[in-house]
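In numbering that gives the first Met the number 0, the protein residues as written are 0 to 333. C-beta: ideal position from N, C-alpha, C; glycine also.
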Amino acid sequence: MGKEQKPVMLSGIQPSGHLCIGNYIGALKNWVELQDNYDNIFLVVDMHALTVPQVPAELRKRCLSFVAQYIACGIDPAKSTIVMQSHVPQHAELMWVLNSVTYMGELSRMTQFKDKSQNQKNVNIGLFSYPVLMAADILLYQTNLVPVGADQKQHLELARDVAERFNNRYSETFVVPEPYIPKTGARIMSLQEPAKKMSKSDDNLNNILALLDSPEVIVKKIKRAVTDSGSEVRYDESKPGLSNLVSMYSVLSGESFEEIEKRFSGKLYGDFKTDLADLVVEVLRPVQSRYNEIMADKGYLEEVLATGAQDAYTRARKTLSKVYRKIGFVAPKR
Ligand code: ATP
Ligand code: LTN
């Protein structure tokens with residue numbers, strides 16, 4: 000089957016903080032596993048990252064580092080188009096059109112907006128309209144499948160609603176995308192505060208396992224991870240700290256909860272944590288060594304991004320021209 004005949008899969012991550020095991024389990028790992036069956040676009044959404052404060056020089060470095068980490072995790076530029084969002088101006092252009100088919104009420108209900116705007120004196124408009132830009136990212140490429148963690152489900156529903164509304168108002172234009180949310184690991188929790196989600200921008204680095212953490216740091220963080228009272232290693236929703244570690248173990252080893260319970264029956268939390276740390280270190284070892292190789296060759300990264308931008312630009316232009324025609328804009332004479 001030619002690349003163009005496969006259904007389109009698209010996803011993206013904001014270049015903020017440190018890519019972490021939550022991002023890997025909830026998103027990146029699934030991108031890699033699904034990439035052979037789809038026509039793929041993976042974005043580094045630098046424009047979304049502007050909605051929270053950034054130091055320009057650090058943002059620039061982080062954007063390239065994220066591209067290298069995508070590839071190091073197994074995204075193959077020969078099979079997948081890797082795109083820096085700001086390299087394709089149609090994302091912002093389509094967003095503007097979609098702003099006019101999105102309601103204030105819908106955006107006010109987004110839990111990510113409520114969380115991120117909480118306790119802030121001046122909330123920027125970008126934070127509010129963030130899901131409209133995400134809808135534009137998805138709809139621009141006629142995406143069929145969007146693999147994300149559970150926290151993005153609501154944003155994806157909005158993208159579907161906006162697509163359907165546009166299609167109803169102006170006739171069939173956009174594919175209505177489906178989410179892909181993994182059964183286990185869709186919401187990896189913080190190591191120290193298991194009631195909240197692990198987030199790559201968390202100021203407390205003890206809450207996250209970063210993909211680039213050294214083996215020593217990983218061992219230390221897992222050893223210190225909050226577990227609940229008791230001694231039996233098992234998945235139990237009333238024990239969020241332990242269950243979070245069991246979920247991580249399950250996804251990374253491919254073993255079911257029952258198999259893990261059997262394997263650690265009669266053993267202590269400490270034994271389980273030691274094995275989990277070994278597992279995480281082994282999963283991340285090849286990722287880190289590939290990452291170091293890729294980062295040593297900046298020319299390669301630039302080439303991947305140039306190819307990605309070119310491919311994405313051509314596709315994005317096609318959708319945007321169609322949108323402009325449907326809404327009644329006059330086409331420029333070429
Ligand atoms: P930030 O703290 O910078 O807002 P984040 O860690 O929440 O970042 P995003 O850029 O919002 O990460 O998300 C990137 C992808 O990783 C999304 O698909 C998201 O659903 C997924 N993801 C984020 N955190 C987790 C988590 N704790 N468990 C599973 N998936 C996650
Ligand atoms: N909002 C997403 C990142 C994102 C995204 C996308 C995910 C931006 N555009 C398109 C999937 C498809 C987040 O994870 N915070």
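Inset, instruction - Would you check if the distance between the CB atom of V82 and the CB atom of G307 is smaller than 8 Å? - result: If you number the sequence shown from 1, residue 82 lands on position 83. If you number the sequence shown from 1, residue 307 lands on position 308. Result yes, Cβ atoms of V82 and G307 sit closer than 8 Å.
Legend entry - Cβ-based burial, P285 [other Cβ within 10 Å; buried from 16]: Here residue 285 corresponds to residue number 286 of the sequence shown, with the count starting at 1. Residue environment analysis places P285 among the exposed positions, since fewer than 16 neighbouring C-beta atoms fall within 10 angstroms of its C-beta.
Inset, instruction - Flag this pair as touching only if the segment 169 to 184 and the segment 207 to 221 have three or more C-beta atom pairs under 8 Å; answer yes or no. - result: Contact between the segment 169 to 184 and the segment 207 to 221 is absent, because fewer than three Cβ pairs lie under 8 Å.
Inset, instruction - Return yes when at least one heavy atom of the ligand LTN lies under 7 Å from the C-beta of G327, else no. - result: In the sequence shown, residue 327 corresponds to position 328, counting from 1. No, since every heavy atom of the ligand LTN falls outside the 7 Å radius drawn around the Cβ of G327.
Inset, instruction - Just grab the DSSP bridge partners of K321 for me. - result: Counted from its first residue, the sequence shown places residue 321 at position 322. Beta-bridge pairing links K321 to no other residue.
Inset, instruction - Starting from the Cα of P181, find the closest Cα among V250, L58, S15 and F271 and give me that residue. - result: The residue labelled residue 181 in the question sits at position 182 within the sequence shown. The shortest CA-to-CA distance from P181 to any of V250, L58, S15 and F271 is the one to V250.
Inset, instruction - Express the C-alpha separation of L241 and A91 in angstroms, rounding to a whole number. - result: Numbered from its first residue, the sequence shown carries residue 91 at position 92. Numbered from its first residue, the sequence shown carries residue 241 at position 242. If you take the alpha carbons of A91 and L241, they lie about 42 Å apart.
Inset, instruction - Would you tell me roughly how many angstroms separate the C-alpha atoms of P193 and S15, rounded to the nearest one? - result: Reading the sequence shown from its first residue, position 194 is the one you call residue 193. Reading the sequence shown from its first residue, position 16 is the one you call residue 15. For P193 and S15, the distance between alpha carbons rounds to 21 Å.
Legend entry - Per-residue burial, L157 [other beta carbons within 10 Å of its own, 16 or more giving buried]: In the sequence shown, counting from the first residue as 1, residue 157 sits at position 158. Taking every protein chain shown into account, the CB of L157 has 16 or more other CB atoms within 10 angstroms, so this residue is buried.
Inset, instruction - Go ahead and pull the three-state DSSP assignment for Y37. - result: The residue you call residue 37 lines up with position 38 of the sequence shown. Here Y37 sits in coil by DSSP.
Inset, instruction - Kindly indicate which three-state DSSP category E382 falls into: helix, strand or coil? - result: The question about residue 382 has no answer here: the residues shown for the chain are numbered 0 through 333.
Inset, instruction - Label I187 either buried or exposed according to how many other C-beta atoms from any shown protein chain fall within 10 Å of its C-beta, with 16 as the threshold for buried. - result: The residue given as residue 187 occupies position 188 in the sequence shown. By the beta-carbon neighbour count (other beta carbons within 10 angstroms, threshold 16), I187 is buried.
Inset, instruction - Look up L144 in the DSSP assignment and say whether it is helix, strand or coil. - result: As a position in the sequence shown, residue 144 is number 145, starting the count at 1. Three-state DSSP puts L144 in a strand.
Inset, instruction - Can you check DSSP and say which residues form a bridge with T80? - result: The sequence position of residue 80 within the sequence shown is 81, counting from 1. DSSP output for T80 lists I40 as bridge partner(s).
Legend entry - Other residues of its chain near K325: CB distance less than 8 Å, five sequence neighbours each side excluded: Counted from its first residue, the sequence shown places residue 325 at position 326. Short of 8 Å from the beta carbon of K325, and not among the five residues preceding or following it, lie these beta carbons of its own chain, in chain order: Y169, S170 and T172.
Legend entry - For V216 and E254, the rounded distance between their alpha carbons: The residue given as residue 254 occupies position 255 in the sequence shown. The residue given as residue 216 occupies position 217 in the sequence shown. One alpha carbon belongs to E254, the other to V216, and they sit about 25 Å apart.
Inset, instruction - Would you decide whether Y102 is buried or exposed? Buried here means 16 or more other CB atoms lie within 10 Å of its CB. - result: As a first step, residue 102 must be located in the sequence shown, where it is residue number 103. Under this definition Y102 is an exposed residue.
Legend entry - Around the ligand ATP, Cβ to any heavy atom closer than 7 Å, ordered along the chain: Ordered along the chain, the selected set is S10, I12, Q13, S15, G16, C19, G21, N22, I24, G25, A26, V147, G148, A149, D150, Q151, G184, A185, R186, I187, M188, K196, M197, S198, K199, S200 and D201.
Inset, instruction - Grab the span of the beta strand (DSSP E) containing V7 for me, first residue to last. - result: Mapped onto the sequence shown, residue 7 falls at position 8. DSSP places V7 inside the beta strand (DSSP E), whose first and last residues are V7 to I12.
Inset, instruction - Provide the residue span of the alpha helix (DSSP H) that contains P239, from first to last. - result: Position 240 of the sequence shown, counted from the start, is the residue given in the question as residue 239. Annotation for P239: the continuous alpha helix (DSSP H) segment containing it runs P239 to S252.
Legend entry - Nonlocal neighbours in the same chain, by C-beta distance under 6 Å from F271, ignoring five residues either side: Sequence index remark: in the sequence shown, residue 271 carries index 272 (1-based). Once the five neighbours on either side are set aside, the close Cβ partners of F271 are V232 and F263.
Inset, instruction - Evaluate V245 with the Cβ neighbour count: other Cβ atoms within 10 Å of its Cβ, from every protein chain shown; 16 or more gives buried, anything less gives exposed. - result: Taking the first residue of the sequence shown as 1, we reach residue 245 at position 246. Taking every protein chain shown into account, the CB of V245 has 16 or more other CB atoms within 10 angstroms, so this residue is buried.
Inset, instruction - Report the residue ranges of all beta strand (DSSP E) runs contained in full by the segment 121 to 203; include only those spanning at least 3 residues, in chain order. - result: You should have 144 to 146 and 177 to 179.
Legend entry - Same chain only: Cβ atoms within 7 Å of Q89, ignoring 5 sequence neighbours per side: Along the sequence shown, one-based indexing puts residue 89 at 90. Contacts found: L139, A315, R316 and L319.
Legend entry - As assigned by DSSP and simplified to three states, the class of A224: Along the sequence shown, read from residue 1 onward, the residue named residue 224 stands at position 225. A224: coil per DSSP, three-state reduction.
Inset, instruction - Classify P331 as buried or exposed, calling it buried when 16 or more other Cβ atoms lie within 10 Å of its own Cβ. - result: As a working mapping, residue 331 is identified with position 332 in the sequence shown. Its Cβ having fewer than 16 others within 10 Å, P331 is exposed.
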